[in-house]
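Asks: Have a look at the structure that comes next, please.
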Amino acid sequence: MKNYVLHLVDPASQWDNTSPVGCGSAGLSVWGGIAEDRLTLNEESIWDGGPMDTKVDGFTDMIEHVRSLFLEGKEYEANRWAEENMKDCFNRIKAYEYAGELFVKIHGDDAAENYRRDLDLTDGVCTVAYEKDGVSYKRTFFASYPARLLAGRYEADAPFSASIRFRRENVIRLIAASDSLSAIAATATTENRFLVKTKIVSDGKCSVSDAGISVTNATKIELYTVIVTAFKSYDLVDAAEDRLEVAAKGWDALYEEHTADHRALMNRSDLSFDAPDPAVDALPVSERLERLRSDPDARDDSLLSLYFAFGKYLLIGSSRPGTLPANLQGVWATGLTPPWNSDYHTNINLQMNYWQAEEANLGECTSALFDYMNRYLLPGGEKVARENYGVRGTVIHHLSDIYGFAAAADGLWGLWPLGGAWLAYHMWEHWLYTGDRDFLLNTAYRYIRKCAEFFIDTLFEGPDGYLHSGPSTSPENAYLDAEGRRVNLAISPTMDIEIIGGLLDFYAECEDILCLDPVGGRRAREVRAKMPPLQIGKHGQLMEWIKDYDESEPGHRHISHAFGLYPAAQISRNTPELFKAIEVTLNRRLASGGGHTGWSRAWLINLFARLGKGQEAYDNVRLLFTKSTIANLFDTHPPFQIDGNFGGAAGIGEMVLQSHDGAITLLPAVPAWLNGSFRGLRARGGYTVDAAWKDGKILSLTVRADRPGTVKIRIPGQEIEAEVSAEGTKIV
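In this text, residue positions in the sequence shown follow my numbering: the first is -6, and each later residue adds one.
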């Protein structure tokens, strides 16, 4: 596998441009300052707030009243009534917070020569190197999943001195010893406590100072940091001591253990585009991005490879078995109130975080998401379904936290009960990729069934004879009624029809496979058959709502009704009218300024890839790079939001390999001039695919099957059926 390195030539001037290392449960952001380095620390369970009482008295009656107004054709009145009478129904969750920051002061000024800050994506290691006053300095950082700690080493080829201090709001107790620095702190409003402890190992002399720890006459200083929280541990002090015992292994052993673990996951797959000019690869990322911004004809095909690898890197760093899932900023954030609380937004963002996982052969990284869904969201959603809606099943609205918050939040845009159902698609996708019956039975089935039960119980028959959902929304968007008035709420917006329809299909198929409740499976199919169809509007577009309303914001960042094309597969070449209509929808969105956020642009890459539009997919990759990517390759909404990184990387993968329609399709959306190869990418059905191509022609193709059998394969200009073995079958 190619060694992927994200190369920078200056320290970070703001947190968004730091270099992240992570071990799933904890993260470290390296600023790389010369005179004084700054290390921002995170632990996944440092959240303000706690479990909330989500019961809303009279909620069902209010929903019924809003629904009745819609059935009378009074959309605006329904919306106004909800605005005026449901204000107290919407809770607000608290924020994910950082753990604090370590400052390591070494020099009196920032002057240095030959500075470089590199993030080795393959090994999961950040290094900072420079020369000052004839002395070479090097710093190395990693976050170890096997050891569950954050590690940093400062070294030089001549003795140096340093001072080390910790800073954070709401510090309750700070303890400095000659070989450690400990801080017990609390979150902003609810005082959820946690402990940050750093063990210091050096060949110099360590002593306690007013600022923290002073180290003199050293050629190396090693920092080993653990963060323990009251969310996970009752006794913070003992837990930290136990966790730090692993530091006794020493730097070399911990480093080798970490890189072996990280590299094993990164090496599972590789996607490499040929570089027209290899010299460009050596440039700092900031210069590579600026080349693309300043010259419309400039190419940097291998930047797509780096971006795909960075997506894998970020997922490995923020979502591992036994951890919480990646939030809006993965596991990395700064301050007490990061953007959008750095929470779990379930109306696309949390889902987009995992779009790349299965195809990139990182399926086990999704276990963090599935554990969270079953352990926190499922019971939280059952409570809301029972107490607020008076029905069976589970329901999650548009955002959540680590406590499993599931009720409507923030305002009318939060009255969207589809978040949990959308997440069920990820369980079904994992089943499609793996065919793991134990997973379907023991992890996915109950969650999918509970989500389906909620909609089986809440869909209602309209005057048109169809079963409808609502009141709901097309996430965060609005339409204009017949009098030109802006309305948020709706009955059966298109995304509802798509998500619920697919969910009921999955549940029925679960019952076909597992035979646990055949009556429930039949009922799901009966309900599915009575749902309204997708419709084409007056512009030839896929309608976003049940009526052909005009959009309040034609260039809105959410393209929710495109869900049926991607990430679902309800719209394809097998539905030619809808396939054409969704292309009209995308072009109309873009003509009105759509795609202006990083994650929205990332979604467009995937959508055009599904349409088989290689040039358009590539054009949106380029726009993602030039408009929504900063020097460390972080996606910016703005500001930084990690979903765009994952979604963009998924889109690049979708350009070269698709498997959503019963066949493995090679190069479905690759411009003819874009050449390269991939190895270890996964396809639905339990297949692993290696391929190389040039000028649109497949040069080599090997497919391995988890279970030997026959598979349909499409390569440019040809469709074949092949018997595929577990050892691998060479097709081309």
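Heads up, the beta-carbon is just placed ideally off N, CA and C, and yes, glycines get one too.
#1: By Cβ distance below 8 Å, which residues in the same chain neighbour alanine 75 in space, the five residues on each side in sequence not counted?
#2: Please go through the same chain and pick out, in chain order, the residues whose beta-carbon is closer than 7 Å to the beta-carbon of proline 331, but skip the five residues on each side of it.
#3: Which runs of the beta strand (DSSP E) spanning at least 3 residues fall entirely within the stretch 618 to 698, listed in chain order?
#4: Measure how close the beta-carbons of cysteine 444 and leucine 496 come, nearest whole angstrom, since I'm counting them as under 8 Å.
#5: Compute the beta-carbon to beta-carbon distance between alanine 204 and serine 156, rounded to the nearest angstrom, for a pair I have assumed lies under 8 Å.
#6: Assuming asparagine 342 is part of the alpha helix (DSSP H), what are its boundary residues?
#7: What residue does the beta strand (DSSP E) around phenylalanine 135 start on, and which one ends it?
#8: Roughly how many angstroms lie between the CA atoms of valine 189 and leucine 247, to the nearest whole one?
#9: How is the alpha helix (DSSP H) around glutamate 37 delimited, first residue to last?
#10: Give the straight-line distance between the Cα atoms of methionine 79 and glycine 51, rounded to the nearest whole angstrom.
#11: Could you compute how far the alpha carbon of aspartate 196 sits from the alpha carbon of lysine 213?
#12: Count the C-beta pairs between the stretch 152 to 170 and the stretch 82 to 102 that are closer than 8 Å, then say yes if the count reaches three, no if not.
#13: Quick check: what's the CA-CA separation for glutamate 763 versus valine 164?
#14: DSSP three-state label for isoleucine 708, please.
#15: How big is the Cα-Cα spacing for glycine 15 and serine 137?
#16: Determine the extent of the alpha helix (DSSP H) in which lysine 573 is found, giving its start and end residues.
#17: Starting from aspartate 111, follow the alpha helix (DSSP H) in both directions and report where the run begins and ends.
#18: Could you name the residues of the same chain whose beta carbon sits closer than 7 Å to that of isoleucine 86, not counting the 5 residues immediately before and after it, in chain order?
#19: Using the three-state DSSP reduction, which class does glutamate 714 fall into: helix, strand or coil?
#20: Is it right to say tryptophan 666 is buried, meaning 16 or more other beta carbons lie within 10 angstroms of its own, or is it exposed?
#21: Quick one: what's got a C-beta closer than 7 Å to proline 269's C-beta in the same chain, skipping five residues either side?
#22: Check glycine 323 in the structure and name its three-state DSSP category.
#23: Return the chain-ordered list of same chain residues with a C-beta closer than 7 Å to the C-beta of isoleucine 623, the five sequence neighbours on each side being excluded.
#24: I'd like to check one pair, lysine 606 with alanine 662: are the Cβ atoms closer than 8 Å?
#25: Could you check what DSSP says for lysine 98 in three-state terms: helix, strand or coil?
#26: Cα separation between alanine 104 and glycine 117?
#27: Rank Phe187, Gln651 and Leu370 by C-alpha distance to the C-alpha of threonine 222 and give the top, closest one.
#28: Go ahead and label serine 311 buried or exposed: buried means 16 or more other beta carbons lie within 10 angstroms of its beta carbon, across all protein chains shown.
#29: Spatial neighbours of histidine 554 within its chain, please: C-beta separation below 6 Å, excluding the five flanking residues on both sides.
#30: Using alpha carbons as the reference points, say which of Thr252, Thr209 and Leu296 lies closest to aspartate 267.
#31: Kindly indicate which residue of Phe303, Tyr438 and Ala170 has the alpha-carbon position closest to the one of tyrosine 418.
#32: How is serine 22 classed by DSSP in three states: helix, strand or coil?
#33: I'd like to know whether the C-beta atoms of alanine 561 and glutamate 491 end up nearer to each other than 8 Å.
#34: Please report the Cβ distance between arginine 603 and glycine 637, rounded to the nearest whole angstrom; I am assuming they are in contact, meaning their Cβ atoms lie under 8 Å.
#35: On the DSSP bridge list, what partners appear for aspartate 267?
#36: Report the three-state DSSP secondary structure of serine 726 (helix, strand or coil).
Replies: Taking the coordinates as given:
#1: Met55, Val59, Leu405, Leu408, Pro464 and Leu482
#2: Ala88, Tyr89 and Gln322
#3: 657 to 659, 669 to 676, 680 to 687 and 690 to 698
#4: 6 Å
#5: 6 Å
#6: 342 to 345
#7: 128 to 137
#8: 20 Å
#9: Element bounds for glutamate 37: n/a, residue is neither H nor E.
#10: 10 Å
#11: 6 Å
#12: yes
#13: This structure does not reach residue 763, given that the chain is present from -6 up to 725, and the question cannot be answered.
#14: strand
#15: 7 Å
#16: 569 to 584
#17: It is not in any alpha helix (DSSP H) - aspartate 111 instead sits in the beta strand (DSSP E) that spans 106 to 113.
#18: Gly42, Asn334, Asp336, Leu392, Asp394, Phe398 and Ala402
#19: strand
#20: exposed
#21: Arg292 and Asp294
#22: strand
#23: Asp9, Asn10 and Thr629
#24: yes
#25: strand
#26: 28 Å
#27: Phe187
#28: buried
#29: Thr487, Met488, Leu535 and Glu537
#30: Leu296
#31: Tyr438
#32: strand
#33: yes
#34: Not a contact, Cβ separation roughly 18 Å.
#35: Note: aspartate 267 sits in no beta bridge, so no partner.
#36: The chain is shown from -6 up to 725; residue 726 falls before or after that span and cannot be answered.
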